[in-house]
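Under the numbering used here, the letters of the sequence shown match residues 1 to 243, in that order. For glycine and all other residues, C-beta sits at the position ideal for the given N, C-alpha and C.
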Amino acid sequence: MSFEYTPPKYAQLIAELERRIDSGEYPPGSLLPSEHQLMAEFAMARPTVVKALGVLRDQGWIVTHQGKGRFVRGRPAIPTGQQVRAGRELLDRREVQASSRLLTAGEVEAPNRIAAYLGIKAKSSVVLRRTLVEHDNEPTEISSTWLPVEVAQGTALVESEELKQGVRRYVEAAAGTALDHIIEHITARNPTKEECTLLAVKSSAALLTVYAVACDATGKPWVVVESLLPGDRHELEDAYPIR
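Right under this line is the structure:
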């Protein structure tokens with residue numbers, strides 16, 4: 001059976017802008033086309049263009065000067081740890097900025113894997129926040145945040161309103177400690193019946209699951225952020241120095 005993969009629109013825009021910067025069409029120091037110009041040229045919605053530009057900024061391709069626009073920096077050096085990695089992006093993502101719909105906010109029984117990641121007893125109660133993320137009106141991700149009840153109680157994390165800050169801010173304030181590092185686990189599986197409906201995929205589809213376990217400096221885990229991604233709509237990439 002033949003298989004064709006079409007990257008999401010924002011990823012296509014990222015690739016084209018990177019190509020133009022690499023080729024010298026957009027030389028270092030030059031002003032990047034505005035959001036409206038890119039929307040018109042590529043026939044894309046503003047959220048798609050903004051997401052692509054945000055990735056390019058975070059990766060070091062461009063820089064934003066308030067009131068002046070976005071300027072080209074050129075091909076970035078190999079990431080040295082300052083690049084926004086997947087787990088950190090999940091922790092810092094604000095629900096009010098994402099094209100998302102809150103599905104769940106409340107206490108549930110922790111699945112075995114989540115209980116193990118949080119270092120709690122199996123079937124303990126945890127707080128779950130689950131959102132469906134969309135781009136260009138297409139479901140692209142189910143994002144779930146799992147927290148110990150004592151961390152989430154009394155905070156916006158248990159409310160059915162979209163979070164105005166990233167999860168990390170709420171967790172650090174409630175725990176009274178800074179999150180120091182993230183341990184990522186990546187697995188693949190088939191979707192459940194509910195996930196088939198939410199993501200508009202078949203039961204035979206391959207889903208990538210990224211678990212980001214955020215810990216303090218002592219190694220104590222405080223929160224798990226899970227990102228469920230249809231394999232035909234996402235590509236995971238990382239780069240790091242070998243010495």
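Short of 7 Å in beta carbon distance, which residues of its chain neighbour Gly60, apart from the five on each side in sequence? Order them along the chain.
Here residue 60 corresponds to residue number 60 of the sequence shown, with the count starting at 1. For Gly60, where only same-chain residues beyond five positions count, the Cβ hits under 7 Å are Arg73 and Pro76.
Do the segment 149-160 and the segment 124-133 meet, that is, are 3 or more Cβ pairs less than 8 Å apart?
Touching, yes, given that three or more Cβ pairs across the two stretches are closer than 8 Å.
Let's see if you can read the secondary structure: which residues bound the alpha helix (DSSP H) around Val149?
Along the sequence shown, read from residue 1 onward, the residue named residue 149 stands at position 149. Note, Val149: alpha helix (DSSP H), Val149 to Ala152.
Leu248: first and last residue of the uninterrupted alpha helix (DSSP H) it sits in
No answer is possible for residue 248: the residues shown for the chain start at 1 and end at 243.
Once DSSP output is grouped into helix, strand and coil, what is the label at Ile120?
Numbered from 1 along the sequence shown, position 120 holds the residue referred to as residue 120. In the structure shown, Ile120 sits in coil (DSSP, three-state: anything other than H, G, I, E or B).
Whether Ala206 touches Gly231 by CB criterion (8 Å)
Sequence index remark: in the sequence shown, residue 206 carries index 206 (1-based). Sequence index remark: in the sequence shown, residue 231 carries index 231 (1-based). Yes; because the gap between Cβ atoms is below 8 Å, this pair is in contact.
Please determine whether the Cβ atom of Asp58 lies at a distance below 7 Å from any heavy atom of the ligand ADP.
Absent from the structure shown: the ligand ADP. Ligands present: none.
Through-space distance from Ser34 to Gly69, alpha-carbon basis:
As a position in the sequence shown, residue 69 is number 69, starting the count at 1. As a position in the sequence shown, residue 34 is number 34, starting the count at 1. Distance between the alpha carbons of Gly69 and Ser34 is about 7 Å.
Would you mind working out which of Leu91, Ser100 and Ala174 sits nearest Gly154, comparing C-alpha positions?
What you label residue 154 is simply residue 154 of the sequence shown in a count that begins at 1. Checked all of Leu91, Ser100 and Ala174; the closest Cα to Gly154 is Ala174.
Tell me, which residues are paired with Glu138 by DSSP?
For the purposes of this step, residue 138 is taken as residue 138 along the sequence shown, with counting starting at 1. Answer is His135.
Which term fits Val213, buried or exposed, when burial requires 16 or more other beta carbons within 10 angstroms of its beta carbon?
The sequence position of residue 213 within the sequence shown is 213, counting from 1. By the neighbour-count rule (16 or more Cβ atoms within 10 Å), Val213 is buried.
Check the DSSP bridge columns for Ser227 and list the partner residues they point to.
By one-based count along the sequence shown, residue 227 stands at place 227. DSSP, once it has assigned bridges, lists Ser143 and Val210 as partnering Ser227.
Limits of the unbroken alpha helix (DSSP H) element including Ala105:
Within the sequence shown, numbered from 1, the residue matching residue 105 stands at position 105. No alpha helix (DSSP H) holds Ala105; the beta strand (DSSP E) holding it covers Ser100 to Glu109.
Let me know if Gly219 comes out buried or exposed under the rule of 16 or more other beta-carbons within 10 Å of its beta-carbon.
Counting from 1 along the sequence shown, the entry for residue 219 is found at position 219. The residue in question, Gly219, is exposed, as its Cβ has fewer than 16 Cβ neighbours within 10 Å.
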